[in-house]
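J.:
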Amino acid sequence: MASVAYKKQVSRIVLISGDSDFVPAAKLARREGVDFTLDPMHASIKSDLHEHIDGKRTVFPKPLSKKQSNTNDNNM
């Protein structure tokens, strides 16, 4: 991520993770003018990572819990 941000090879990075290990990369990308979007796949994210993103978006719908799935099966 750092390399493509420095070289201005991308205008947007979408990170599919919520791991705060990516904070330095997010900070660097934003400092270089890259739009940094996060998709945590419905997981919670650390506040230090949330502080360094431009947006948060989840592409896939949240999977049903077993209880919700059983309820839907019984309604058919």
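When we follow this note's numbering, the leftmost residue of the sequence shown carries the number 56, and every step to the right adds one. Cβ atoms here follow ideal geometry from the backbone N, Cα and C, with glycine treated the same way.
(1) With distances taken between CB atoms, is the gap from F91 to A84 smaller than 9 Å?
(2) Do V69 and L104 come within 9 Å of each other at the CB atom, strictly closer than that value?
(3) Report the CB separation of A81 from I108 in whole angstroms; it is logged as a contact under 8 Å.
(4) Would you mind working out which of D74, R86, D76 sits nearest K62, comparing C-alpha positions?
(5) Go ahead and label P116 buried or exposed: buried means 16 or more other beta carbons lie within 10 angstroms of its beta carbon, across all protein chains shown.
(6) Is the separation between the beta-carbon of G110 and that of P95 shorter than 9 Å?
T.: Based on what the coordinates show:
(1) yes
(2) no
(3) 6 Å
(4) R86
(5) exposed
(6) no
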